[in-house]
Amino acid sequence: MAKKRPELTVVGKAPDSKKAAALEAALSQIDRAYGKGSVMKLGQKQDMDVEAISTGSIGLDIALGIGGLPAGRVVEIYGPESSGKTTLALHVIAEAQKAGGVAAFVDAEHALDPIYAAKLGVDVNELLISQPDTGEQALEITDTLVRSGAISVLVIDSVAALTPRAELEGEMGDHHVGLQARLMSQALKGEPLTVYGDGTQQRCFCDVGDIVQGVVGLTENERAHGKVFNMGGTEEVSIRELAERIVRIADSSSEIKIVPYEEAYP
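The C-terminal residue of the sequence shown carries number 281 in the working numbering, and the numbering is unbroken.
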């Protein structure tokens, strides 16, 4: 008598009703763990009750899906030079002021034109403005204003102007190159912030945008021809102090780890 061959069961051939139930259970589990809408079908539209501030453009408000920029969020406006980034930000400020909100403008580039802002509808008399000398100062001012809870819109113009001066003055291979990015990354991850040497090394900061504008302005001024000018900030900040500021601004629990040069370069 021939031996009966065993039957094979293909798991993938489960009834559609069972697969649908299994998928529904998986989606429910994901929603409970990560929040509703973590996974959805590409064509699925979900009502979103998000407070928004109009951009001043009906078309852009519609394209954004919620009627403007979301309140209480960090929004980065990215684009090439002279593409309208600051103009868009000023329109948002104007709309926030019309709604009775308070707006602030951190002018890290020192390039805000109040006349142009007023033409866009900004109430410049009520606009809070700061022109910080350093990126660290700009972030500390921003942190204080945001924590007050009284600001509807705060614009930093621009992120590129917040580059640490130690990074700009560093040489290739120097540990100060990429300093802000490295320390910020460590702080946000909760990792120890590594400072090489004893941390007392000091650097003067300079903003590339200011230097470029200054050089261009000098070349266009005939009275400046043939003369020598020093450009740069007057405040010196130690590397350890920079690390401490980043920990404070990022509200991080990271420790600051001091690594002597003899250990870093055995």
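The C-beta atom is built at its ideal place from N, Cα and C for all residues, glycine as well.
Buried/exposed call for A265, threshold 16 Cβ in 10 Å:
So A265 counts as buried.
Contact belief for L105 with V65 at Cβ below 8 Å, rounded distance in angstroms
Actually they do not touch by this definition, with Cβ atoms about 23 Å apart.
If I'm right that L84 touches I73 with Cβ under 8 Å, what's the distance once you round it to whole angstroms?
Distance from L84 to I73 at the Cβ level is roughly 14 Å; contact not present, criterion being Cβ atoms closer than 8 Å.
Under a three-way DSSP split, which group does D266 fall into?
Reduced to three states, the DSSP call for D266 is coil.
Pull up the distance between the alpha-carbon of L177 and that of Y131, whole angstroms please.
Between the C-alpha atoms of L177 and Y131 there is a straight-line separation of about 24 Å.
Across the segment 37-53 and the segment 82-102, are there enough close Cβ pairs to call them in contact, namely three or more that are closer than 8 Å?
Contact between the segment 37-53 and the segment 82-102 is absent, because fewer than three Cβ pairs lie under 8 Å.
What's the C-alpha gap between D76 and K113?
C-alpha separation (whole angstroms): 16 Å.
Cut-off 6 Å between Cβ atoms - residues of its own chain near L143, not counting five sequence neighbours on either side
Cβ neighbours of L143 beyond the five flanking positions: A119.
How about A109 and L135: are their beta carbons less than 8 Å apart?
Yes, they are a contact pair.
How close, in whole Å, do the beta carbons of G150 and A123 come, if the pair is a contact with beta carbons under 8 Å?
For G150 against A123, the beta-carbon gap comes to about 7 Å, under 8 Å, which counts as contact.
Among residues of its own chain, excluding the 5 on either side of L257, which ones have a beta-carbon nearer than 6 Å to its beta-carbon?
Nothing meets the Cβ criterion.
T101: buried (16+ other C-beta within 10 angstroms of its C-beta) or exposed?
Here T101 is buried, its C-beta having at least 16 other C-beta atoms within 10 Å.
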